[in-house]
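I have placed the structure first, in the form of structure tokens, so that the comments after it can refer back to it.
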Amino acid sequence: MTATIIDGQAVAASIRARIKDEAAALKARTGVVPGLATVLVGDNPASQTYVRMKGRACEEVGMRSVGHKLPATATQAEVEGLVRQLNADPGIHGILVQLPLPGHLNEEAVLNAIGIEKDVDGFHPVNIGRLAMKGREPLFVPCTPAGCIALMDHVGVKIEGARAVVLGRSNIVGLPVSLLLIGRNATVTVCHSRTRDLPSVTREADILVAAIGKAQMVRGDWVKPGAVVIDVGVNRVDDPTTKSGYRLVGDVAFDEAKEVAGAITPVPGGVGPMTIAMLLQNTLRGAKHKAG
Ligand code: GUN
Numbered sequence: 215m216t217a218t219i220i221d222g223q224a225v226a227a228s229i230r231a232r233i234k235d236e237a238a239a240l241k242a243r244t245g246v247v248p249g250l251a252t253v254l255v256g257d258n259p260a261s262q263t264y265v266r267m268k269g270r271a272c273e274e275v276g277m278r279s280v281g282h283k284l285p286a287t288a289t290q291a292e293v294e295g296l297v298r299q300l301n302a303d304p305g306i307h308g309i310l311v312q313l314p315l316p317g318h319l320n321e322e323a324v325l326n327a328i329g330i331e332k333d334v335d336g337f338h339p340v341n342i343g344r345l346a347m348k349g350r351e352p353l354f355v356p357c358t359p360a361g362c363i364a365l366m367d368h369v370g371v372k373i374e375g376a377r378a379v380v381l382g383r384s385n386i387v388g389l390p391v392s393l394l395l396i397g398r399n400a401t402v403t404v405c406h407s408r409t410r411d412l413p414s415v416t417r418e419a420d421i422l423v424a425a426i427g428k429a430q431m432v433r434g435d436w437v438k439p440g441a442v443v444i445d446v447g448v449n450r451v452d453d454p455t456t457k458s459g460y461r462l463v464g465d466v467a468f469d470e471a472k473e474v475a476g477a478i479t480p481v482p483g484g485v486g487p488m489t490i491a492m493l494l495q496n497t498l499r500g501a502k503h504k505a506g
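Residue numbers in the sequence shown follow this note's numbering, run continuously in steps of one, and reach 506 at the last position.
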């Protein structure tokens, strides 16, 4: 059996087209143009690329994007001061502080400083706390986890009652995606570096979400036949046949897993484009909320 390849690029493109129409309608009705502020501290090349892609995606759907760059030596007070200035800016509906921050900065304090009504990353403890609690609604859901669920919904995966295994417990992906799956009534197991006999756990999964950051760690024989495999990993591996000398692979050995899974996301072109689509959706939501 060969798996259905879930085309995140196509799903994200249709979401972006809808957002573009909705942003235009919001502008026509209220004069409000959704605005996203990105904050990049330091010069991590991957972060620079991500922030550039996020800014460009905003402009393509008719939103305003304002990029703020601070040097790697920026102080805690400078970063928090910028966040507070953006909180007070009526033209900004979403604030995104790109992570990771340089090691000397207190990430928790920076994320706490973002007003929850502009927290389009959904990383503020109040938003995460609401996501974790039954019967509470966060204002925003983190973008990559929301993108994973949106892809599964798009291909009609039945999440309710499914056994879901999440590899990784990061604040950005593993933890919030686990909370979303619990909220959708899956039975969720969260695995991490101390989990014993990982393959025996993953083989039980109807839904397997890999977010561990290890290139092609999940082999074909770790996957239950017919399972849905969502690969969040983005890892560089050397490849002298490419111009850059590397290529991107996921946390899953795609060629093996696609022979076993029922559906699988590729890397690139799976979850990645969905992260940006969900960020645009959150920014539009912030603007609509502000516009009443
Ligand atoms: N670093 C890796 N992923 C993300 C993300 O979704 N948002 C932010 N702010 N930083 C990240």
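Where is the CB? At the ideal position from N, CA and C, for every residue including glycine.
| Query | Result |
| --- | --- |
| Along the chain, which unbroken stretches of the alpha helix (DSSP H) at least 4 residues long are found entirely within the stretch 363-408? | 388-397 |
| Between T489 and A501, what straight-line distance do the alpha-carbon atoms span, to the nearest angstrom? | 19 Å |
| Tell me whether the beta-carbon of V446 lies closer than 8 Å to the beta-carbon of R461. | no |
| Run the proximity test for T358: is its beta-carbon closer than 7 Å to any non-hydrogen atom belonging to the ligand GUN? | yes |
| My assumption, with CB atoms under 8 Å, is that G269 sits in contact with G256. Please give the rounded CB distance. | With 8 Å as the limit, G269 and G256 do not qualify as a contact, their Cβ atoms being about 17 Å apart. |
| Going by beta carbon distance, what residues of the same chain come within less than 8 Å of V415, once the five residues before and after it are set aside? | V379, T403, C405, T409 |
| Mind checking P259: buried by the 16 CB within 10 Å criterion, or exposed? | exposed |
| Got a sec: does the ligand GUN put a non-hydrogen atom nearer than 7 Å to the Cβ of T489? | yes |
| Under a Cβ-count criterion, where at least 16 other Cβ atoms within 10 Å of its own Cβ denotes burial, should T244 be classed as buried or exposed? | exposed |
| Which residue marks the beginning of the beta strand (DSSP E) containing R278, and which one marks its end? | 278-284 |
| Would you call the stretch 323-340 and the stretch 294-308 in contact, with 3 or more CB pairs under 8 Å? | yes |
| Once DSSP output is grouped into helix, strand and coil, what is the label at N258? | coil |
| What is the rounded straight-line gap between the Cα of D335 and the Cα of R417? | 32 Å |
| Run the proximity test for Q312: is its beta-carbon closer than 7 Å to any non-hydrogen atom belonging to the ligand GUN? | yes |
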